[in-house]
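From first to last, the protein sequence lines are chains A and B.
So that you can map any letter, position 31 of the first sequence is 30 in numbering that gives the first Met the number 0, and since no number is skipped, the others follow by simple counting.
So that you can map any letter, position 298 of the second sequence is 297 in numbering that gives the first Met the number 0, and since no number is skipped, the others follow by simple counting.
Single-structure report; data block below.
Number of protein chains: 2
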Amino acid sequence: MAISHFYPPRRTLMGPGPSDVNPQVLAALAKPTIGHLDPLFINLMEETKALLQYAFQTQNEFTIAVSAPGSAGMETCFVNLVEPGDKVIVCINGVFGSRMKENVIRCGGEAIVVEQEWGRAVDPDAVETALKANPDAKFLAFVHAETSTGARSDAKALCALAQQYNCLSIVDAVTSLGGIELRVDDWGIDAIYSGSQKCLSCVPGISPVSLSAKAVAKIKARKTPVQSWFLDQTLVMGYWSGEGKRSYHHTAPVNSIYALHESLLLLQQETLEASWQRHQTQHEALKAGLLDLGLEFVVPKDERLPQLNTVRIPQGVDDATVRQYLLNEYNLEIGAGLGAFAGNAWRIGLMGYAAKSENVLLCLAALKKALS
Amino acid sequence: MAISHFYPPRRTLMGPGPSDVNPQVLAALAKPTIGHLDPLFINLMEETKALLQYAFQTQNEFTIAVSAPGSAGMETCFVNLVEPGDKVIVCINGVFGSRMKENVIRCGGEAIVVEQEWGRAVDPDAVETALKANPDAKFLAFVHAETSTGARSDAKALCALAQQYNCLSIVDAVTSLGGIELRVDDWGIDAIYSGSQKCLSCVPGISPVSLSAKAVAKIKARKTPVQSWFLDQTLVMGYWSGEGKRSYHHTAPVNSIYALHESLLLLQQETLEASWQRHQTQHEALKAGLLDLGLEFVVPKDERLPQLNTVRIPQGVDDATVRQYLLNEYNLEIGAGLGAFAGNAWRIGLMGYAAKSENVLLCLAALKKALS
């Protein structure tokens, strides 16, 4: 195999993530590497914590970036919080809810599933029924923004239920952080994880995580050690703490943290509210155009994510042919369906830096060509 | 906290890693992000596999990069291979051997420890005694290049023992890959992991892993599921396979793979043999200068790693003061001691791109100033 240097084309990324990375973030990424124990890097980690606290709208002291993708962020929450025998109510309305269930099982927990139709929000009434029926449940886990379907669940209402029934909440915010309203402290979220490569428009590979004081207390009171050494947050706490002597745990992905820091700084400069509004505005423009093209949304209007638009593929249109055409002719990536939606839906992302007018126009014009 | 853009200084990284990253690798890192399911990215993953096979000197079909740091590479090997009750002979001659033991325990395995003085190679005779005494042992695990001490163990001899006593070998090559001779197939290594940020001179955050056919067969025959979903290689196999339809597992750290691909390509262009020789040559020059300064090596001559030189801190010299002086005056990072060596030894790295004459001169001149 003759291998040479890799020169990727400049794509427009309008799938379910990774989204287009802001050029300022790419520039930050390529700055010279310094040591992960360098005082300047330790300070950068402190700043990154503060910026993450802003993005999550939390004062949680335990707010860090896991040195691995969102899937590892999910596992971090489950593997630290759930002990063998713990009962977890898991809401499944797409791929990532199922993955939560898988995590619970691998931790030795018991998963009580609240199943929901794909493409719909989690139903708070069904959740309350499950909470009533399982007074010994310790956790309620759900996905805020289901990346596989484009459905938005009411995180505020679900977390209020969790509190009412004395459960800790575990929330998947991989696709929601930065794109739609999310208030960790106001809503009483206990454990939350996200990804760098969606509405933060950073490179993939990092997973922001925040834990409430109650969640940290549950971890500290564990009777059994966390089964993962790499994801054991009782060890990582010492690594992300700026106070006193930092204890070595693993080598942080230094350059990826440069990029995350820059992307979070850009978000802070824009402000969260402006970012949420921008996603909504671009979504409205895209939606109008998609409806004009005769495409139908999978998710009911009130449950749609602005940053991820899932539409049914019209009868007689071949999924792969269209996506290849968009990629080859216009360097435009849109997402295929996943799971139950494979082959019959497209997922069109408007995430972070990609949520802008020129992308909406390009996507609509290119889809029109593809479908004509 | 007023936070602004981060502009790191240009350090010379001569600690235990991360090492200086080749500017070509940083340039590759910052190329535009494409989708992780883009055909061009899938092809890049195939090329990266082939380049990793060269670096490891293996034909192993299962040769991939774990989307997380070397610690996760270690956990990948243990969590997939070791089932509850499995007996593992673990050689401990530094921090990373201890971490292997911790991994075995968290997988529910039984660790039989062969303890060795810090700063010395693993003793094959002691290992053989342990193998004889434990005929039911299934694995022999050891660190090829102990990053905490600078000691090099005889991986070839140890793997021959593993085969003789019907054990699979698990080898930590985090600091050895690219820096010293390492031949996975010739030596019969069954599971090996490394890191991107040592002698490959890539950014931290990625962990190359290779598994022999025997190791893959052991994983496929597991009676219990792998406790980690994120690191479950039965799922990852489908993600790194170029044949047929790739199954989605997680979002690959696209830009980090660009960087790894470039660093491995540079290694292939230089050739492994030339890289090993370069590390040895620069080590000889550094060693002569360090001895001239009156510094003593911790590790006996025949057991030293050229890429990681551990020397005793002279009496009356304050560890932190010297390291801060080097960093502040010359932007030069050398490593502190770890574990038993904290406060009484320095670890001077000559890894990958950092293994060059100008670094040797700078380090010796700066140390001379610091110690005078």
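We treat Cβ as the ideally placed atom computed from N, Cα and C, and that holds for glycine.
Ser262 of chain B places its beta carbon less than 8 Å from that of Asn21 of chain B. DSSP places Asn358 of chain A within a helical segment (H, G or I) once states are collapsed to three. Pro17 of chain A is positioned such that its CB atom lies no closer than 8 Å to that of Val310 of chain B. In the DSSP annotation of this structure, the continuous segment of the beta strand (DSSP E) that includes Ile347 of chain A starts and ends at 344–348.
For Glu332 of chain A, the enclosing beta strand (DSSP E) stretches over residues 331–335. Distance from the CA of Ile205 of chain B to the CA of Pro68 of chain A, rounded to the nearest whole angstrom, comes to 11 Å. Secondary structure within the region 181–268 of chain A: the beta strand (DSSP E) runs of 3 or more consecutive residues, fully enclosed, are 190–192, 206–210 (chain order).
Nearest CB-CB separation between Met236 of chain A and chain B: not below the 8 Å threshold.
Apart from sequence neighbours up to five positions away, the residues of its chain that approach Gly288 of chain A with a beta-carbon distance below 6 Å are Leu363, ordered along the chain. Gly93 of chain A is a Cβ neighbour of Gly338 of chain A, given a cutoff of 8 Å. About 5 Å separates the CB atoms of Ser209 of chain A and Thr57 of chain A; that is less than 8 Å, so the two are in contact.
For Pro305 of chain B, the CB contacts under 6 Å within the same chain, skipping 5 residues up- and downstream, are His278, Gln279, His282 in chain order. Per the DSSP secondary-structure output, Cys158 of chain B pairs with nothing in a beta bridge. Classified as exposed, Ser3 of chain B has fewer than 16 neighbouring CB atoms from the shown chains inside 10 Å of its CB. Residue pairing by DSSP puts Cys90 of chain B in a beta bridge opposite B:Val113. For Tyr257 of chain A, the chain B residues whose C-beta falls within less than 8 Å of its own C-beta are Phe5, Pro7, listed in chain order. The beta carbons of Val87 of chain B and Ala136 of chain B sit about 7 Å from each other, so the pair counts as a contact at 8 Å. With its beta carbon at least 8 Å from every one in chain B, Gly108 of chain A lies outside the interface. If you draw a 10 Å sphere on the C-beta of Pro15 of chain B, you find 16 or more other C-beta atoms in it, and that means buried. Flagged as an interface residue toward chain A: Thr250 of chain B, by a C-beta distance shorter than 8 Å.
For Ala159 of chain B, the closest of B:Leu130, B:Leu176, B:Asn327 by C-alpha to C-alpha distance is B:Leu130.
Our two residues, Ile347 of chain B and Ala154 of chain A, have alpha carbons roughly 50 Å apart in a direct line.
Leu230 of chain B places its beta carbon less than 8 Å from that of Val78 of chain B. The Cβ of Lys367 of chain B sits no closer than 8 Å to any Cβ of chain A. Among the CB atoms of chain B, none fall inside 8 Å of the CB of Ala125 of chain A.
In the displayed model, Arg303 of chain A falls within a strand according to three-state DSSP. Under DSSP, Glu145 of chain A takes part in a beta bridge, and its partners are A:Ala150. Residue range 123–132 is occupied by the alpha helix (DSSP H) that includes Asp124 of chain B. In the assembly as shown, Gln52 of chain A is a buried residue. Its beta-carbon has 16 or more other beta-carbons within 10 Å.
Shown here, Arg98 of chain A sits in a helix according to DSSP, grouped into three states.
Counting every other CB atom within 10 Å of its CB across the protein chains shown gives Lys30 of chain A a total of 16 or more, marking it as buried. In this structure, the alpha-carbon of Gln232 of chain B lies about 31 Å from that of Gln23 of chain B.
The residue among A:Ser195, A:Trp228, A:Asp185 with its C-alpha nearest the C-alpha of Ser211 of chain A is A:Asp185.
For Leu51 of chain A, not one C-beta of chain B is nearer than 8 Å to its own C-beta. Against chain B, the beta carbon of Ala344 of chain A has no neighbour under 9 Å; the closest one sits roughly 15 Å away.
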